[in-house]
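A short write-up of the structure that comes next.
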Amino acid sequence: MPDAIAYISRDTDGVLWKKALEAALGPLDFRTLDALGDKADIEVALAWKPPRGLIASLPNVKMIVSLGMGVDHLLADDRLPDGVPITRIMDDGLVGQMSEYAIYWALRHHRDIDKYAASQRAKQWKPEDFVDTIHRRIGILGLGTIGQDTANKFAALGFPTAGWSRTQKSLPGLETFHGPDGFRRLLAESDILVNVLPLTRETRGILNAEAFAALPKGAYLINMARGGHVVDEALLAALDSGHLSGATLDVFNIEPLPPEHRYWTHPRVQVTPHIAGATNPRTASPGVIENIRRLKAGQPLIHTVDPKSGY
Ligand code: NDP
Ligand code: OXD
554 MPDAIAYISR DTDGVLWKKA LEAALGPLDF RTLDALGDKA DIEVALAWKP
604 PRGLIASLPN VKMIVSLGMG VDHLLADDRL PDGVPITRIM DDGLVGQMSE
654 YAIYWALRHH RDIDKYAASQ RAKQWKPEDF VDTIHRRIGI LGLGTIGQDT
704 ANKFAALGFP TAGWSRTQKS LPGLETFHGP DGFRRLLAES DILVNVLPLT
754 RETRGILNAE AFAALPKGAY LINMARGGHV VDEALLAALD SGHLSGATLD
804 VFNIEPLPPE HRYWTHPRVQ VTPHIAGATN PRTASPGVIE NIRRLKAGQP
854 LIHTVDPKSG Y
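Following the working numbering, the numbering of the sequence shown begins with 554 at its first residue and continues without gaps.
In structure tokens, the structure reads:
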């Protein structure tokens, strides 16, 4: 019976994952990318940016687990085996980090912290005009696990908060929009736009010139989802013209961001290296452990992904 677990990632060595899984499940046949051994032994593939076709070469794989909450890195493999269920991690720790990230950069913009830092450097005592919290409108693209947590926390701080999803939602304390019309309406009332959509066929390039033009003048963008959502030339044009007052970008069309890219030095851009939410096996492993138990018991899996919708 195949029962090995393959850890398919070049970013981390898997030691913490092995430890977390074994603490709950006992000793495991846990194999890493460079030592997969007989591929027929592998039952579960834990994957982050797997090499194309590798998962298809595991003849007995019964469950594919995305080691990120986003699954675009996995679905980019056009040779994934048909019919093998795909699940993703659910990591409360990561979700909290994502909300903190959005709130930190939003507050920094909202409270003009960069202007005060510049005044301090110039030894100037210079109070700035300010916008009341109740007049700074937050728009969140994506009302899934991360989007809802982020939106609820902004609302709890007193910001008028709206969100956009594919299907209609009614969420206490939030204004909600959906579908293409809803997208335009949300943009029109977002002074700070936070993107936390999955990257799918439908959402790739969604933050384009038309979308930026639909934002109010002076709006600020926080992109913590995927670089592929943004048309970079359109964002740079919107920043250069002053239509957007600034952007915080954690994710990029090419990662690592190439040294010559204008984002690095643009005066209105803050760059972070895809760290908005980091996976911690301690908080991410319980759902994976539950799914391994369910797989062995022949029960329905949780945290499944629909390859057709792409999330
Ligand atoms: P979920 O799958 O839980 O939620 C996705 C949300 O996006 C849902 O509300 C969904 O709508 C909405 N959505 C999907 N497609 C569309 C569409 N075409 N139009 C409108 N709304 C749409 O995702 P998570 O909240 O868990 O994660 C979101 C993304 O965050 C991940 O895919 C990943 O790319 C990114 N991420 C980034 C990290 C970082 O460190 N920078 C870390 C972790 C995640 P509906 O509710 O109607 O289905
Ligand atoms: C994720 C990520 O999807 O780290 O979890 O980006």
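Where is the CB? At the ideal position from N, CA and C, for every residue including glycine.
Tell me whether Q701 is buried or exposed, calling it buried when 16 or more other Cβ atoms sit within 10 Å of its Cβ. Burial call: buried.
Entirely enclosed alpha helix (DSSP H) segments - the region 563 to 591, minimum 4 residues: Taking 4 residues as the shortest admissible run, the region 563 to 591 contains the following complete alpha helix (DSSP H) segments, listed from N- to C-terminal end: 568 to 578.
Candidates L724, P725 and T729, of which the one nearest W717 by Cα: When each option's Cα is compared against that of W717, the closest is T729.
Straight-line gap, Y657 to L574 (C-alpha atoms, nearest Å): Cα-Cα distance, rounded: 33 Å.
I need the straight-line Cα distance from T720 to L696, nearest angstrom please. The C-alpha of L696 is placed about 10 Å away from the C-alpha of T720.
Please go through the same chain and pick out, in chain order, the residues whose beta-carbon is closer than 8 Å to the beta-carbon of V645, but skip the five residues on each side of it. Note on residue identity: the sequence assigns Asp, not Val, to residue 645. Listed in chain order, the non-local C-beta contacts of D645 below 8 Å within the same chain comprise T836, local neighbours out to five positions each way being set aside.
Where F736 falls: helix, strand or coil (DSSP): When secondary structure is reduced to three states using DSSP, F736 falls in the helix class.
Measure how close the beta-carbons of S743 and G692 come, nearest whole angstrom, since I'm counting them as under 8 Å. Sure, about 3 Å apart at Cβ, within 8 Å.
What did DSSP end up calling I693 once you bin it into helix, strand or coil? In the displayed model, I693 falls within a strand according to three-state DSSP.
Taking only three categories from DSSP, how would you classify I759? Looking at I759 - three-state DSSP - the assignment turns out to be coil, as it is neither helix nor strand.
Taking 6 Å as the cut-off, is the C-beta of L848 nearer than that to any heavy atom in the ligand NDP? No, the Cβ of L848 stays beyond 6 Å of every heavy atom of the ligand NDP.
Can R689 and H856 be called in contact, C-beta distance under 7 Å? Not closer than 7 Å, so no.
Just grab the DSSP bridge partners of V597 for me. According to DSSP, V597 bridges with I558 and M616.
Have a look at R584 and I617 and give me their C-alpha separation to the nearest angstrom. Distance between the alpha carbons of R584 and I617 is about 14 Å.
Output the boundary residues of the beta strand (DSSP E) element that contains W678. Looking at the DSSP string, W678 is not in any beta strand (DSSP E), and its letter there is neither H nor E.
Measuring from the CB of G621, is there a heavy atom of the ligand OXD at a distance below 6 Å? Set against 6 Å, the gap from the CB of G621 to the closest heavy atom of the ligand OXD is smaller.
Beta strand (DSSP E) containing Y773: first to last residue? A772 to N776 is the extent of the beta strand (DSSP E) around Y773.
Using alpha carbons as the reference points, say which of L647, R664 and L586 lies closest to P680. Nearest of L647, R664 and L586 to P680, Cα basis: R664.
Of all the CB atoms in chain C, is at least one closer than 7 Å to the CB of S723? This model lacks chain C altogether; it includes just one protein chain.
Looking only at DSSP bridge pairs, what is I745 linked to? Within the DSSP secondary-structure output, I745 pairs in a beta bridge with I691 and Y773.
Let me know if K571 comes out buried or exposed under the rule of 16 or more other beta-carbons within 10 Å of its beta-carbon. Around the beta carbon of K571, 16 or more other beta carbons sit within 10 angstroms, so the residue counts as buried.
Given this structure, state the Cα-to-Cα distance separating K514 from A850, to the nearest angstrom. Past the boundaries of the shown model lies residue 514; the chain is included only from 554 to 864, so the question cannot be answered.
Give the secondary structure of I828 by DSSP, where H, G and I count as helix, E and B as strand, and everything else as coil. Of the three classes helix, strand and coil, the one that applies to I828 here is coil, per DSSP.
Can you check which of these residues, A715, L752 and G726, is closest to G735 by C-alpha distance? Cα-wise, what sits closest to G735 is A715.
Tell me whether I666 sits in a helix, a strand or coil according to DSSP, three-state version. The three-state reading of DSSP puts I666 in helix, counting H, G and I together.
Please tell me whether, using a cut-off of 6 Å, the distance from the CB of D803 to the nearest non-hydrogen atom of the ligand NDP is below it. Yes, since a heavy atom of the ligand NDP falls inside the 6 Å radius drawn around the Cβ of D803.
Three-state secondary structure (DSSP) at I842? Three-state DSSP puts I842 in a helix.
Among S562, A576 and A598, the one whose alpha carbon lies nearest that of P555: In terms of Cα proximity to P555, the closest of S562, A576 and A598 is A598.
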